[in-house]
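Asker: So the sequences go chain by chain: A and B. Whatever position you read off the first sequence (first residue = 1), add 80 for our numbering. Whatever position you read off the second sequence (first residue = 1), add 80 for our numbering. Idealized CB from N, CA, C, for every residue including glycine.
2 protein chains.
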Amino acid sequence: MAEQPDTRRRIREAAGALFRRNGYPGTGLKAIAAASDAPFGSIYHFFPGGKQQLAEETIRTSGPEYMRMVLALLDSVDDPVDAVEHAFGVAAAQLAATGYADACPIATIALEVASTNEVLRTATAEVFDEWIAAGTEWFARRVTDRAEARSLAYSMIMILEGAFVLARASRDPEPVHAAGRSMAALTRRALDRPD
Amino acid sequence: MAEQPDTRRRIREAAGALFRRNGYPGTGLKAIAAASDAPFGSIYHFFPGGKQQLAEETIRTSGPEYMRMVLALLDSVDDPVDAVEHAFGVAAAQLAATGYADACPIATIALEVASTNEVLRTATAEVFDEWIAAGTEWFARRVTDRAEARSLAYSMIMILEGAFVLARASRDPEPVHAAGRSMAALTRRALDRPD
DNA sequence: GTCTATATCCAGATAGAC
DNA sequence: GTCTATCTGGATATAGAC
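Now the structure itself:
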């Protein structure tokens, strides 16, 4: 089995970081080449489909990576309510630590391409579907009703995404903390009132 | 007092619609000229600051407009819990009716410019601040604790923004309905448990 | 004031030397 | 496979005719 060249991975990671901060049309291939210390032509050597192929790969790799990170945070605390607040607390800290740059790796692209690029829109939709499925599984191990678990997973992803919008705009981690408190309240309510 | 020319308004509205759908770097001035049926030069005649001035004006006009629309929806129903679910229901229907194009007028720009353009970032942050203040006032008339009212306003805006991300990506109004149910639950909890 | 033509630059993409 | 030079189109922005 052939080893992936290091250059290819560097390009993908640099692209992921730039797309996350500046979006899809806002990121140029020349900036990606510069950030990955790769010659411009290597981008087309490894990604013959050009910018779109590069973006699709970053969506489909950084999306699941991010999910695994959040699930690891959630799994690191026993009590579900505390786990939720812990995960949001870490997200808030990480956001502030990166100058309010590193929030959701795919949300900006998702909004940008929703009306303009079916290939990338589908990629973002499929990543979000995986997040919802994984989040549902996590909550289903803690609340009895499966519909309730799914609702909590939906809410957690949505309120986190919205908190990232407000926090990046205001350069203030407070929205993410507020989102964590609301999600903790919803979680506690589901634990207290098993339907 | 001089009347604003009709052309200027048409340009601003076309720009607002395109920025909302395709974002800031994704929208070209030529597309704005075409959509507003205005000659290209008129953009710089009315907006000498170019693309950035045009974007700032659309943020600062469409943002408050959207807030007034949501507040009108909330005020149209007496019971607070029903009002919240009603507002989300209308948002879901409008999203589907526009082919999943017309969600939040400034969220895409907000994410795109957060790390790249201080003028526009500040504009989006100030609009969000007004939303939070107005939402806090609305909830404060219905729940006693002011901190609780502010928390509900934050949550409502964040979960709506997140729902728009998921709904546009999946071309499905369900996330917005799910968000409405969660916000209704949070509102009911605040009404039932006056701290 | 309205509109057209154009200047200038940078994007994505490609060809081909090494 | 790596890298450079370049093509082509479209972007923002401007000049200036009408």
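Report yes or no: is there a C-beta of chain A within less than 7 Å of the C-beta of N197/B?
Answerer: In the second sequence, residue 197/B corresponds to position 117, counting from 1. It does not; no Cβ of chain A falls within 7 Å.
Asker: With DSSP run on the structure shown, which of helix, strand or coil describes S262/A?
Answerer: As a first step, residue 262/A is located in the first sequence; it is residue number 182 there, counting from the start. S262/A: helix per DSSP, three-state reduction.
Asker: Can the beta-carbon of L134/A be found closer than 7 Å to that of T188/B?
Answerer: The sequence position of residue 134/A within the first sequence is 54, counting from 1. The sequence position of residue 188/B within the second sequence is 108, counting from 1. Contact: no.
Asker: Below 7 Å between beta carbons: does that hold for I186/B and V207/B?
Answerer: Looking up residue 186/B in the second sequence gives position 106. Looking up residue 207/B in the second sequence gives position 127. Their beta carbons are under 7 Å apart, which means I186/B touches V207/B by this criterion.
Asker: Specify whether the segment 98-113 of chain B and the segment 124-143 of chain B touch according to this definition: at least 3 beta carbon pairs, one from each stretch, less than 8 Å apart.
Answerer: yes
Asker: From the beta carbon of E241/A, is the nearest beta carbon of chain B less than 7 Å away?
Answerer: Within the first sequence, numbered from 1, the residue matching residue 241/A stands at position 161. It does: the Cβ of E241/A has a partner Cβ on chain B nearer than 7 Å.
Asker: Give the interface partners of V245/A over in chain B, defined as CB-CB distance under 7 Å, in chain order.
Answerer: Start at 1 with the first residue of the first sequence, and residue 245/A comes out as number 165. Simply A187, A190, L191 and E241.
Asker: Distance check for A183/A and R100/A, CA to CA, integer angstroms please.
Answerer: In the first sequence, residue 100/A corresponds to position 20, counting from 1. In the first sequence, residue 183/A corresponds to position 103, counting from 1. Cα-Cα distance, rounded: 8 Å.
Asker: So with Cβ pairs under 7 Å, would you call M238/B a contact of chain A?
Answerer: Along the second sequence, read from residue 1 onward, the residue named residue 238/B stands at position 158. For M238/B, the answer is yes, since a Cβ of chain A falls inside 7 Å of its Cβ.
Asker: So which residues of chain A does S235/B contact, with C-beta pairs closer than 8 Å?
Answerer: Mapped onto the second sequence, residue 235/B falls at position 155. The answer, in chain order, is I239, A258, A259 and S262.
Asker: With A259/B and L240/B assumed to form a contact (beta carbons below 8 Å), what rounded beta-carbon distance in angstroms separates them?
Answerer: In the second sequence, the residue the question calls residue 259/B occupies position 179. In the second sequence, the residue the question calls residue 240/B occupies position 160. Their Cβ separation, rounded to whole angstroms, is 6 Å, which keeps A259/B and L240/B in contact under 8 Å.
Asker: Quick check on G215/A: buried or exposed, where buried means 16 or more other Cβ atoms within 10 Å of its Cβ?
Answerer: Within the first sequence, the letter at position 135 stands for residue 215/A. Buried, because 16 or more other Cβ atoms sit within 10 Å of the Cβ of G215/A.
Asker: Could you compute how far the alpha carbon of P144/A sits from the alpha carbon of E210/A?
Answerer: Within the first sequence, residue 144/A is the residue found at index 64, counting from 1. Within the first sequence, residue 210/A is the residue found at index 130, counting from 1. So the alpha carbons of these two residues sit roughly 8 Å apart.
Asker: Does DSSP classify F231/A as helix, strand or coil?
Answerer: Position 151 of the first sequence holds residue 231/A. According to the sequence as given, residue 231/A is Ser; it is not Phe. It is helical.
Asker: Report, in whole angstroms, the separation of the C-beta atoms of V223/A and L271/A, which I expect to be a contact under 8 Å.
Answerer: Residue 223/A sits at position 143 when you count from the first residue of the first sequence. Residue 271/A sits at position 191 when you count from the first residue of the first sequence. Indeed they touch by this definition, with Cβ atoms about 6 Å apart.
Asker: What are the start and end residues of the alpha helix (DSSP H) that includes G26/B?
Answerer: The requested residue 26/B is not part of the displayed model; chain B covers only 81 to 275.
Asker: Give me, in chain order, the residues of the same chain whose beta-carbon lies closer than 8 Å to that of V199/B; leave out the 5 immediate sequence neighbours on both sides.
Answerer: Here residue 199/B refers to the residue found at position 119 of the second sequence. Excluding positions up to five away in sequence, the list reads Q132 and E136.
Asker: Under 7 Å, Cβ to Cβ, is there at least one residue of chain A near T204/B?
Answerer: Within the second sequence, numbered from 1, the residue matching residue 204/B stands at position 124. Cβ-Cβ to chain A under 7 Å: yes for T204/B.
Asker: Within 10 Å of its beta-carbon, does G179/A have 16 or more other beta-carbons around it, so buried, or fewer, so exposed?
Answerer: As a working note, residue 179/A is residue 99 in the first sequence. Its Cβ having fewer than 16 others within 10 Å, G179/A is exposed.
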